[in-house]
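Below: one structure, written as structure tokens.
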Amino acid sequence: MKEQTRTSDPASKRLRTFVYLVLGAVALPSLLLSGFGLVAIDNERGATEDRVRSLYAPVARQLAQELSEDLAVGLDESRQALADLSHWAMRDKASPGSRFFSFAQAHPELAGWFAFDQGRVLLPRAQPDLDTRARFLSSGKGARPAEFAGDAAQAAQGYKDMPGHDRDCELSNALARAERLSGAKDAAVASYARAFVLCEGVVDRRGYDKGLGAGLAVMDLIAASELPAKISLFQALASRMDSVKSPAASEQRAFVALRALERSMFWPMADRGPEFIEARARLIAVAAACSFQRKGMASFGEENGSRLHWSSGPGGSELHLIWSQAGVGAGAMVLPEILEAKATAALSRLEIGHQVKARILRGDDGAGEERGYAAGAAWLGEGPLAWKLELRLMGDSALDDLARSRTTLYLWLLVALVMALLAGIGGTLYVMARETRLSRLKTDFVSSVSHELRTPLTSIRLYVDTLLMDRVDGEKDKRQCLQVISAESERLSRLVERILDFSRMEAGRKAYRMQVARVVDLMDAAVEACRPLLDEQDFELEMDLGADLPALWADPQAVEEVLINLLSNAIKYSGSSRWIAMRAAVEQGFIRLEVEDRGVGIARSEQGRVFEKFYRVETALSSEVSGSGLGLSLVRYIVDAHGGRVSLRSEPGRGSTFSVWLPVVRQEEPRS
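Numbering (the working numbering), first residue to last: 143 to 814.
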């Protein structure tokens, strides 16, 4: 048995070798890079934590230092102001004085003012030295019996009938109470709100502030849906009770503060602004200061000499700024919420306030209750002032969001890298495949051209040998041999010239001799060149030339080559049809030349490639029709060089129509 040898295309071998090189040199490192990228993405949360700490830790230290310096300045400036407050509490002065109020206004972080003497609380006062203003007893005789007898509606009407009921504190309070008992809720809210304004500073002999009582009643009666009104009243109560001039007894101030704080616990967090937070802190300070009436100031001890210091409160949960001299002193509580507001304002100046929230923690209290991620922390000071400033990223998943955003970026970059690599590999493979296909087409072209060259050369050699061997009889046979030799030589010259033209066109060295040319002459020349084929195969040629066709500005020989190529293709691929049409018409500054046949046609998938060099459409006639695959590529080159365009309309089994647009002669172009 004879052994069969298997041959392989060298271009295919080169392509496979290149693919292996790409996979080894590009794809494998890319896979490793992708793996490292995935590992980096997986570790991104830890890296994000390190970046966040390194970014916000210096900010926290800077803010803590600024707040500590502000508190230190306040401590230095408070000596005279607190001394004035203690003198007023001892009845040595009629008022704390403008120096104290200027200091209090400049330091909003202080609240819950108090004064003491040898451990005895002077401020807040348990029994205000003020007279009662119960002036409506005589004028209200008609209303009060009805109110206490249980007819609240009659009592309310009686109070309304009294002159000045809307301008007098006592009457407004009594009217509001009667309206509340009668069930007129809306009217009671309006009357209590009026009493809250009219009764500011009005107390009875027990130290009961009627204005504060009216305000608390309004807060209890306002509907839950009227949250803005509740918050506004809450802030007004805090402002009134925080004043050192408030005449209310400490027990009432503590009760109203705690009751308001209790009510505010159920309000939505989203509707609480910074003013609400400050008001809440002041109410807490008021309640704590009033508790000194019960607990006393023993925890502060007695000091000899004049000094300023920080001290822990009785509960150990708040700090106090205290001035004392020989056991007599005054002080206030430091509000961490106000310090937080200062830190938040500083963050806004640094343009990072929308990302983080500043919190001041008393030791470790509340550290586990806060949401978000602690991005940075620093201590405000040492000793009693052991507060920690903490910057927290907003939201429960703030850190995860940061890590996820960066991870998403890395992931997309990794995907982009992989896509770019795949695109590069795919593009390279496509180019290699195209070059391989082109190489194969060139091989086929060389084979086809060799066959076409061999045919005329064989004929020429045969007839030359016949003449040399003197095998012809008479001049007639001799002349016939010479005519065949001449025709085959001309055929060979045309083939060689076509190859040379294509080479020059592809290299951009083809020179065209532009001149004025008549369309009719060009079409006639092309028809005459193809006349032997038309007559031999008995084709019907239909000519349709428009009237008054303008001249072309073109190379006549090049345009003739275009028409000859199109006409010869129509003859080759007409199949059993024997009809061809040639047309010429003017169209928007161009002359359209068409060659139409009713032959085998071209599939839509191959219509875009018929103008490629060396490409031949695979049809049933391809093996029977000789050709090099250069004809239509030459057509495209020539038409492009003339500033025109070429198109194809075709349908398999119904023929093809090739159209060429060439520019007409312009006015500025010479006509001779």
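Ideal Cβ positions, reconstructed from N, Cα and C, are used throughout, including at glycine. Quantities reported herein were computed from a predicted structural model and do not represent experimental measurements.
- Beta-bridge partners of Ile-502 (DSSP): Leu-531.
- Tyr-301 counts as buried, since at least 16 other C-beta atoms from the protein chains shown sit within 10 angstroms of its C-beta.
- Annotation for Val-606: Ile-627 place their beta carbon closer than 7 Å to its own, counting only its chain and skipping 5 residues before and after.
- Bridge pairing for Tyr-572: absent [DSSP].
- If you compare the alpha carbons of Met-361, Val-704, Ser-385 with that of Phe-408, the shortest gap goes to Met-361.
- The segment 774–784 makes no contact with the segment 731–744, as fewer than three CB pairs between them are under 8 Å.
- Assignment of beta strand (DSSP E) within the segment 202–266, counting only whole runs of 3 or more residues, yields 252–259, 262–265 in chain order.
- Pairing Val-470 with Pro-238, the inter-Cα distance amounts to about 15 Å.
- Contact annotation, Ala-421 with Gln-377: C-beta distance approximately 4 Å; criterion of less than 8 Å satisfied.
- Taking a C-beta distance under 8 Å as the contact criterion, Gly-688 and Val-662 do not qualify as a contact pair.
- In the structure shown, Tyr-715 falls within a coil segment according to DSSP collapsed to helix, strand and coil.
- Each residue's CA atom was taken as its position, placing Asp-619 and Arg-613 some 9 Å apart.
- Taking a C-beta distance under 8 Å as the contact criterion, Leu-664 and Val-638 do not qualify as a contact pair.
- Cβ neighbours of Leu-358 within its own chain (closer than 8 Å, five residues either side excluded): Leu-379, Val-398, Arg-401, Ala-402.
- Cβ contact annotation for Ala-206 (same chain, cutoff 6 Å, sequence separation greater than five): Ala-520, Leu-522, Leu-531, in chain order.
- Excluding five sequence positions before and after His-307, the CB atoms of its chain that fall closer than 8 Å to its own CB belong to Tyr-301, Leu-313, Ser-314, Leu-317, given in chain order.
- The alpha helix (DSSP H) runs lying completely inside the segment 303–380 and spanning 4 residues or more are 311–324, 327–340, 352–363, given in chain order.
- With distances taken between CA atoms, Glu-748 lies nearest to Arg-791 out of Leu-694, Gly-349, Arg-791.
- 8 Å or more divides the Cβ of Ala-693 from the Cβ of Val-742.
- Inclusion of Phe-245 and Ala-431 in the CB contact set at 8 Å is not warranted, their separation being larger than that value.
- A distance below 8 Å separates the beta carbons of Leu-683 and Val-669.
- Around the beta carbon of Pro-370, fewer than 16 other beta carbons lie within 10 angstroms, which makes this residue exposed.
- Using a Cβ distance threshold of 8 Å, Ala-423 and Ile-373 do not count as a contacting pair.
- Rounded to whole angstroms, the separation of the alpha carbons of Leu-571 and Val-557 is 20 Å.
- In the DSSP annotation of this structure, the continuous segment of the alpha helix (DSSP H) that includes Gln-749 starts and ends at 746–749.
- Membership of Met-665 in the alpha helix (DSSP H) is indicated by the continuous run 661–671.
- According to the DSSP assignment, Ala-727 belongs to the beta strand (DSSP E) that extends over 721–729.
- Thr-799 is bridged by DSSP to Glu-738, Arg-791.
- According to the DSSP assignment, Glu-754 belongs to no beta strand (DSSP E), since it is labelled neither H nor E.
- The Cβ atoms of Pro-794 and Ala-726 do not sit closer than 8 Å to each other.
- Annotated as distal: Arg-660 and Arg-740, with beta-carbon spacing of 8 Å or more.
- A buried status is given to Glu-321, since no fewer than 16 other beta-carbon atoms sit within 10 Å of its beta-carbon.
- For Glu-682, the enclosing beta strand (DSSP E) has its first and last residue at 682–687.
- For Val-807, the secondary structure class from DSSP, reduced to helix, strand or coil, is coil.
- By the neighbour-count criterion, in which a residue is buried when 16 or more other Cβ atoms sit within 10 angstroms of its Cβ, Lys-327 is exposed.
- By the neighbour-count definition (other C-beta atoms within 10 Å, threshold 16), Leu-709 is a buried residue.
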